[in-house]
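One structure is given here, and the rest of the page talks about it.
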Amino acid sequence: MHKTGDVVLGGLFEVHYTSVFPELSFTSEPNQPRCEGFDPPGFRHALTMAFAVDEINKNSNLLPNVTLGYSLYDNCASLGIGFRASLSLASGQEEQFILNEICVGAPPVLGIVGDVYSTFTIAMSSVTGLYKLPIVSYFATCSCLSDRQRFPSFFRTIPSDTFQVRAMIQILKRFGWTWAGLLISDDDYGLHAARSFQTDLGPSGGGCLAYLEVLPWGDNPAELKRIVDVMKKSTARVVIVFAHESHMIDLMEEVVRQNVTGLQWMASEAWTTVAVLQTPHLMPYLGGTLSIAIRRGEIPGLREFLLQIRPDLYHNNSHGNNMVRFWEYTFQCRFAPPPAGWMEAGGTLCTGEEDLESVESELLNVAEFRPEYNVYKAVYALAYALDNMLRCEPGRGPFSSKSCAHFQRLEPWQLLHYLQKVNFTTSFGDQVSFDENGNALPIYDVMNWQWLPDGQIKVQSVGEVKKSALKGEELTLDENKIFWNFEAKKPPRSVCSESCPPGTRMARKKGEPECCFDCIPCSEGKISNRTDSMECTSCPEDFWSSPQRDHCVPKKTEFLSYHEPLGICLMTTSLLGTFICAIVLGIFTHHRSTPIVRANNSELSFLLLVSLKLCFLCSLLFIGRPRLWTCQLRHAAFGISFVLCVSCILVKTMVVLAVFKASKPGGGASLKWFGAVQQRGTVLVLTCIQAAICTAWLVSASPAPHKNTEYHNDKIIYECVVGSTIGFAVLLGYIGILAILSFLLAFLARNLPDNFNEAKLITFSMLIFCAVWVAFVPAYINSPGKYADAVEVFAILASSFGLLVALFGPKCYIILLRPERNTKKAIMGRGTTK
């Protein structure tokens, strides 16, 4: 279909949906292929381009004083025919390969609108790119066409499949569908879409493909049966079909035969608006389909233009051209001369004056312009680019030496430069411009196949997905308008594995996609606080995981506390011992002039009571949260107090031995050299040695508070580390040496005569003391945490009570209960009192 003009634009459309090629015998010249199956929507696309060119020619603001022409070709759904047509357009030599007519040729075109198929467009763009001839497709969506190195002159007004795939993935994410099946056509359209899905639907897309099947071309029942069996057995409830109308028709026959219901279909733009699939017979299966549709637009005046067409408007010879075929297809008539037997079979002749409004014609179904809108934008893009090129001011041009294109010598590569920079807004309000890969700003409508209660079928727009320079990709859906073809009237669940709740992590199943996983509880000390966590995170040092493993809680702290029963008991016992010491000290002070108090150095007895009181009190430093000062003071106070105590006992024992020796002839000198001053000095020196040991220990490796988590991971045990084990051992060892020495001396003096002799009491007390501290060492080493402190406090209290009771118990008994024995005569053993 041709129209002359100053500048001619080419067009490639599918006016027939099949072609029949002659048998090649190689013995005679082959006949030309024959086009069959008139396609009214394809014919409407071609007429849309004719309408757009006429509208531009009438527009005084766009291309003034320039008449656009067109040269439109039918590809007959055949790559060979479409490729030959593109060569004819590019070279300016039209071949007589479809129409049986005399061709007069056409001037070379500056740009081509088309083609409909991605595969056809790839082939012709590879060639037209050599001519730098711009081609603007309205329907080829293959993402491969965005390769600027392979296709330097390709543009399109329909979004790339890459964007369509991302739009579908956004819908999947919107409804939480992470498990979907994908059916594709065996061509560039389907295969490149499959690659995009496999790339974008991975970990970043948050979904997986349950299966990927390639739909066969033509009649292949066995393969279709196998594919439908896969769909039935899969747990995926969502099925995405990236294929053509013919594939879906064949597939749905098998779906109906096997009665496969309960699936949520998602349609690519290729079969979104196919009326043959929108029938009551198929709606139990396809009802509720969510589909991506080419952007709907409005083209004022197109319907009126279509109503004015007549068979003789576009060609002098009314036979053999597409307009004639459309007329015969629409009115079921034939132009004269009719085929043989036509009239006899009741057929009618066409007059060319039939009324298009009197019949239901698919050509006039212009309620929603979708592909037509893309054709319309493609024509206008070429026109605006040409207009900008012709408005170039000499000396300011983009070409060499700032030159402009000359109208008499226009070249396609010059138009290509301006087409890349074109930017305009349609009357419908959509902006049209191309990025560096020749893609227009992508925008799709989201459609829903609705099966109304009265049985009617409606494909309604429920949203849109578009990309803008400011907001990026944006999906808008009105979920209240969506019809769900399920009993619950809600979106289905389509996941391989249910989400892992907080407190667990995802563990992929071996050999299965990443969407198939097990939920493994987090180990102790680790948490996950969100759904579908890939890893469990460790809690901070002073925190531990909750029982549900979904948040961190502060670790329980453990130390020998004043508030727990054990701490209360030990504290009470310590204070009780201190109180008893105070009472005994008061008794001894009150009866300090009595013989039993004065016997065997009362001054040492008072000092011993004071040291015992300090021993009882130092045990309180082991109770409560350990702090630096308590850790440093507890062992120093404990060591010095006990050395003071044992030193007093040791000196008392030595006094006993000195007195006994002095009672023998010639032994008076022993008391002279071991008088009161020497006794005090001995106690002081022995105590200062311990003080020096403690000072050296604190200076070199001081005890310090420590958070111990070795015994329990979920607890913090506050304890005092000794700092230097050697220092602690020396401290205990020194006390032990003094205690053993006191025990040995007292043991040797146990049988000495006279009642005032304390050797037996000292022997018994030191036996208790040594037994307690010998048992303390293994018990202390093997006690964890606060129990080590409790063991040490117990040893302090036990040994202190042992000394207090053994040394002062009998004396208090005599002072308080047997005062008659508290006389010098009784003590010397000269009385008769038993």
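To convert, note that position 765 of the sequence shown is 771 in this note's numbering; the numbers rise steadily by one, no gaps.
Glycine included, each C-beta is placed from N, C-alpha and C at the ideal position.
With a 10 Å radius around the Cβ and a threshold of 16 neighbouring Cβ atoms, methionine 540 comes out exposed. With fewer than 16 neighbouring CB atoms inside 10 Å of its own CB, tryptophan 223 falls in the exposed class.
Judged by DSSP secondary structure, methionine 395 falls outside any beta strand (DSSP E) and instead within the alpha helix (DSSP H) spanning 377 to 396.
DSSP places asparagine 328 in the uninterrupted alpha helix (DSSP H) bounded by 328 to 337. Take glutamine 420, set aside five residues on each side of it, and the residues of its chain with a beta-carbon closer than 8 Å to its own are Met395, Phe405 and Ala411, in chain order. Minimum Cα-Cα distance from tryptophan 185 among the listed residues Ser505, Glu42, Glu363 and Leu78 corresponds to Ser505. Cβ atoms of phenylalanine 161 and lysine 473 stay farther apart than 8 Å, at about 17 Å. Closest by C-alpha distance to asparagine 265, out of Lys231, Gly353, Tyr724 and Phe332, is Lys231. Shown here for threonine 578: not one same chain residue has a beta carbon closer than 6 Å to its own, the five before and five after excluded. Serine 580 places its beta carbon less than 8 Å from that of phenylalanine 622. With the rule of 3 Cβ pairs closer than 8 Å, the stretch 146 to 156 does not count as touching the stretch 81 to 101. DSSP links leucine 15 through a beta bridge to Tyr76 and Gly117. Using a Cβ-Cβ distance cut-off of 8 Å, the stretch 276 to 294 and the stretch 50 to 61 are not in contact, since fewer than three pairs of beta carbons, one from each stretch, lie closer than that value. Shown here, lysine 515 sits in coil according to DSSP, grouped into three states, outside any helix or strand. Boundaries around cysteine 700 are those of the alpha helix (DSSP H), 682 to 706, since no beta strand (DSSP E) includes it. Aspartate 451: member of the beta strand (DSSP E) spanning 449 to 457, first to last residue. According to the DSSP assignment, proline 343 belongs to no beta strand (DSSP E), since it is labelled neither H nor E.
It is roughly 24 Å from the alpha-carbon of leucine 221 to the alpha-carbon of glutamine 176. Taking a contact as a CB-CB distance under 8 Å, the pair isoleucine 821 and isoleucine 602 counts as one, their CB atoms being some 6 Å apart. Cβ atoms of glycine 187 and alanine 242 come within 8 Å of each other, at about 5 Å.
Assignment of beta strand (DSSP E) within the stretch 202 to 274, counting only whole runs of 3 or more residues, yields 214 to 221, 244 to 248 and 270 to 273 in chain order.
When DSSP assignments are scanned along the stretch 805 to 837, the uninterrupted stretches of alpha helix (DSSP H) that are 4 or more residues long and fall wholly within it turn out to be 830 to 833. By the criterion of a C-beta distance shorter than 6 Å, phenylalanine 753 is surrounded in its chain by Thr769, once the five residues flanking it on both sides are discounted. The Cβ atoms of serine 500 and valine 244 sit closer than 8 Å to each other. Spanning the alpha carbons of glutamate 725 and leucine 639 requires a straight line of approximately 14 Å. Here the C-alpha atom of methionine 453 lies approximately 15 Å from the C-alpha atom of proline 377. Contact between valine 381 and tyrosine 195 fails: their C-beta atoms lie close to 19 Å from each other, not under 8 Å. Annotation: phenylalanine 749 to valine 559 spans about 53 Å, alpha carbon to alpha carbon. Check the Cα spacing between serine 433 and each of Ile305, Ile646, Cys651 and Phe203: the tightest is with Ile305.
Inter-residue distance for arginine 598 and lysine 619 is about 19 Å (C-alpha atoms, whole angstroms).
Looking at Gly592, Val122, Glu564 and Trp333, the one whose alpha-carbon comes closest to that of lysine 713 is Glu564. In terms of CA proximity to tyrosine 137, Ile118 leads the group Leu476, Ile118, Val234 and Thr543. Per DSSP, the unbroken alpha helix (DSSP H) holding isoleucine 87 starts and ends at 85 to 97.
Measuring C-alpha to C-alpha distances from valine 590 to each of Pro571, Leu576, Leu615 and Leu582 identifies Leu615 as the nearest. Membership of valine 468 in any alpha helix (DSSP H) is not indicated; the residue belongs instead to the beta strand (DSSP E) covering 463 to 474. According to DSSP, residue pairing for leucine 188 in a beta bridge involves Leu218 and Ile246.
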